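Protein sequences appear in the order of chains A and B.
If you read the first sequence in our numbering, its first letter stands for residue 2, the second for the next number, and so on.
If you read the second sequence in our numbering, its first letter stands for residue 2, the second for the next number, and so on.
Where a beta carbon is used, it is the ideal one built from N, C-alpha and C, also for glycine.
Note that this is a predicted model, so its numbers are computed, not measured.
Some notes on the structure that comes next.
There are 2 protein chains.
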Amino acid sequence: MERDKALKIVEKQLTEHRYVHTIGVMETATYLAEKYNENVEKAELSAIFHDYAKFRSKEEMKQIISEQKFSPLLLEYNSELWHAPVGAFLVEKEVGIKDHAILDAIKFHTSGRPYMSLLEKIIYVADYIEPGRHFPGVDEVRELAEINIDKALIKSLQNTIMFLLKKNQAVYPDTIQTYNWLVLEGGRTI
Amino acid sequence: MERDKALKIVEKQLTEHRYVHTIGVMETATYLAEKYNENVEKAELSAIFHDYAKFRSKEEMKQIISEQKFSPLLLEYNSELWHAPVGAFLVEKEVGIKDHAILDAIKFHTSGRPYMSLLEKIIYVADYIEPGRHFPGVDEVRELAEINIDKALIKSLQNTIMFLLKKNQAVYPDTIQTYNWLVLEGGRTI
Numbered sequence: 002m003e004r005d006k007a008l009k010i011v012e013k014q015l016t017e018h019r020y021v022h023t024i025g026v027m028e029t030a031t032y033l034a035e036k037y038n039e040n041v042e043k044a045e046l047s048a049i050f051h052d053y054a055k056f057r058s059k060e061e062m063k064q065i066i067s068e069q070k071f072s073p074l075l076l077e078y079n080s081e082l083w084h085a086p087v088g089a090f091l092v093e094k095e096v097g098i099k100d101h102a103i104l105d106a107i108k109f110h111t112s113g114r115p116y117m118s119l120l121e122k123i124i125y126v127a128d129y130i131e132p133g134r135h136f137p138g139v140d141e142v143r144e145l146a147e148i149n150i151d152k153a154l155i156k157s158l159q160n161t162i163m164f165l166l167k168k169n170q171a172v173y174p175d176t177i178q179t180y181n182w183l184v185l186e187g188g189r190t191i
Numbered sequence: 002m003e004r005d006k007a008l009k010i011v012e013k014q015l016t017e018h019r020y021v022h023t024i025g026v027m028e029t030a031t032y033l034a035e036k037y038n039e040n041v042e043k044a045e046l047s048a049i050f051h052d053y054a055k056f057r058s059k060e061e062m063k064q065i066i067s068e069q070k071f072s073p074l075l076l077e078y079n080s081e082l083w084h085a086p087v088g089a090f091l092v093e094k095e096v097g098i099k100d101h102a103i104l105d106a107i108k109f110h111t112s113g114r115p116y117m118s119l120l121e122k123i124i125y126v127a128d129y130i131e132p133g134r135h136f137p138g139v140d141e142v143r144e145l146a147e148i149n150i151d152k153a154l155i156k157s158l159q160n161t162i163m164f165l166l167k168k169n170q171a172v173y174p175d176t177i178q179t180y181n182w183l184v185l186e187g188g189r190t191i
């Protein structure tokens with residue numbers, strides 16, 4: 002699918018603010034894909050559609066999580082996690098994208114997962130550091146992303162987990178497992 | 002078993018520094034047991050023996066973890082975790098303590114576990130706040146322990162997890178699951 006067509010589709014799903022964020026993720030993800038020798042077109046499409054389901058109702062997301070037998074654990078944790086797997090499902094169903102590398106990059110862009118692919122890492126990090134992001138620690142992750150995608154990923158996971166701990170919020174098991182995998186196994190995917 | 006006999010047994014297993022720590026945990030644990038209506042004798046014995054295996058060799062601990070079919074995951078994580086389950090095993094085998102409430106308080110005093118008992122919570126927190134402990138955040142946990150043992154436990158888990166994250170060290174899954182259980186289910190044990 003061509004970039005302009007994809008952008009037109011996703012624009013209808015998002016607020017203006019979230020669309021601007023999506024453009025930022027797209028630009029950052031294609032930059033990182035070039036840097037780390039990942040497929041640039043796949044990075045572009047994954048980024049364009051990563052927040053596709055962001056504004057679906059909680060009811061619709063809950064229903065899809067149940068019907069598609071996604072981890073029931075999702076429903077016990079922050080609803081901010083839901084749009085990622087639901088998005089992957091809807092992007093396949095409604096937009097017709099079948100490429101599983103792209104769908105997985107959308108599916109795991111919020112939680113991460115152990116053994117995540119390079120494309121998944123790029124989308125996760127691009128979502129964290131795109132130019133519209135402003136929060137403590139983001140510049141350090143931007144600097145790491147220029148040098149080593151795994152180090153950028155570890156730092157963004159550390160920041161995210163500490164943010165949740167400080168707010169007395171639960172930490173989704175996949176997220177801590179992704180961090181542990183990076184620390185214990187160095188992010189090897191094979 | 003009487004306190005003096007127990008102390009004599011454990012003194013032989015520990016350095017002087019660790020024995021002084023053990024006395025601190027004992028005094029704190031009996032104080033908390035009285036405050037929260039837990040069995041004071043069980044708290045005393047759990048505290049006295051909580052670090053029983055602290056100075057066993059890594060080889061001996063590894064062997065016990067394998068032979069007793071403790072979680073093989075333990076061996077992938079920090080060896081600081083090993084003395085707790087190994088201690089519970091050796092306290093039963095070598096000292097002859099059979100009370101499972103006490104043995105579990107020893108077993109889970111480093112990692113925690115979801116649905117931990119009040120006695121387990123008391124030993125975990127007492128180990129963290131005994132008077133010999135001096136590190137950032139310990140006073141806040143001491144204050145919380147006067148009011149609400151679950152809040153003291155959450156704060157000590159948060160501090161521990163943040164400390165590990167800052168050092169790029171893995172977080173044992175039981176530890177984050179204990180934190181999540183407290184946050185999501187409020188520490189209910191039934």
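Rounded distance between the beta-carbons of residue j and residue i, thought under 8 Å
i, j, result
"residue 78 of chain B", "residue 171 of chain B", "6 Å"
"residue 112 of chain B", "residue 76 of chain B", "With a Cβ gap of about 14 Å, residue 112 of chain B and residue 76 of chain B do not count as contacting."
"residue 43 of chain A", "residue 107 of chain A", "Actually they are not in contact, since the Cβ atoms of residue 43 of chain A and residue 107 of chain A sit about 11 Å apart, beyond 8 Å."
"residue 155 of chain B", "residue 33 of chain B", "Contact doesn't hold; Cβ gap of about 15 Å is too wide."
"residue 98 of chain A", "residue 164 of chain A", "No, residue 98 of chain A and residue 164 of chain A are not in contact; Cβ-Cβ is about 31 Å, not under 8 Å."
"residue 11 of chain A", "residue 53 of chain A", "6 Å"
"residue 39 of chain A", "residue 120 of chain A", "6 Å"
"residue 180 of chain B", "residue 158 of chain B", "4 Å"
Residue i, DSSP secondary structure in three states
i, result
"residue 100 of chain A", "coil"
"residue 172 of chain A", "coil"
"residue 86 of chain B", "helix"
"residue 124 of chain A", "helix"
"residue 3 of chain A", "coil"
"residue 137 of chain B", "coil"
"residue 116 of chain B", "coil"
"residue 72 of chain B", "coil"
"residue 25 of chain A", "helix"
"residue 54 of chain A", "coil"
"residue 155 of chain B", "helix"
"residue 107 of chain A", "helix"
"residue 1 of chain B", "Residue 1 of chain B lies beyond the residue range present for chain B, which begins at 2 and ends at 191; the question has no answer from this structure."
"residue 186 of chain B", "helix"
"residue 148 of chain B", "coil"
"residue 45 of chain A", "helix"
"residue 37 of chain A", "coil"
"residue 32 of chain B", "helix"
"residue 131 of chain B", "coil"
"residue 78 of chain A", "coil"
Chain A within 8 Å of residue i, Cβ atoms only
i, result
"residue 163 of chain B", "yes"
"residue 89 of chain B", "no"
"residue 40 of chain B", "no"
"residue 149 of chain B", "no"
Contacts that residue i makes with chain A (C-beta to C-beta distance below 7 Å)
i, result
"residue 77 of chain B", "185"
Cutoff 8 Å: residue i Cβ touching any chain B Cβ
i, result
"residue 154 of chain A", "no"
"residue 172 of chain A", "yes"
Partners in chain A for residue i, counting only beta-carbon separations shorter than 9 Å
i, result
"residue 34 of chain B", "What residue 34 of chain B touches in chain A: nothing, since even the nearest Cβ is about 26 Å away."
Contacts of residue i in chain A (Cβ-Cβ under 8 Å)
i, result
"residue 177 of chain B", "172, 174 and 177"
Amino acids of chain B, ordered along the chain, whose beta-carbon sits closer than 8 Å to that of residue i
i, result
"residue 166 of chain A", "159, 162, 163 and 180"
Heavy atom of the ligand ATP within 7 Å of residue i beta-carbon
i, result
"residue 35 of chain A", "Ligands are entirely absent from the displayed structure, and the ligand ATP is therefore not among its contents."
Count the C-beta pairs between the stretch 66-84 of chain A and the stretch 19-33 of chain A that are closer than 8 Å, then say yes if the count reaches three, no if not. no
Count the CB pairs spanning the stretch 120-137 of chain B and the stretch 145-159 of chain B that are closer than 8 Å, and state whether there are at least three. A contact exists between the stretch 120-137 of chain B and the stretch 145-159 of chain B.
Decide if the stretch 3-20 of chain A is in contact with the stretch 102-118 of chain A; the criterion is three or more beta carbon pairs, one per stretch, under 8 Å apart. no
Does the stretch 55-62 of chain B come within contact of the stretch 82-98 of chain B, defined as at least 3 CB pairs closer than 8 Å? yes
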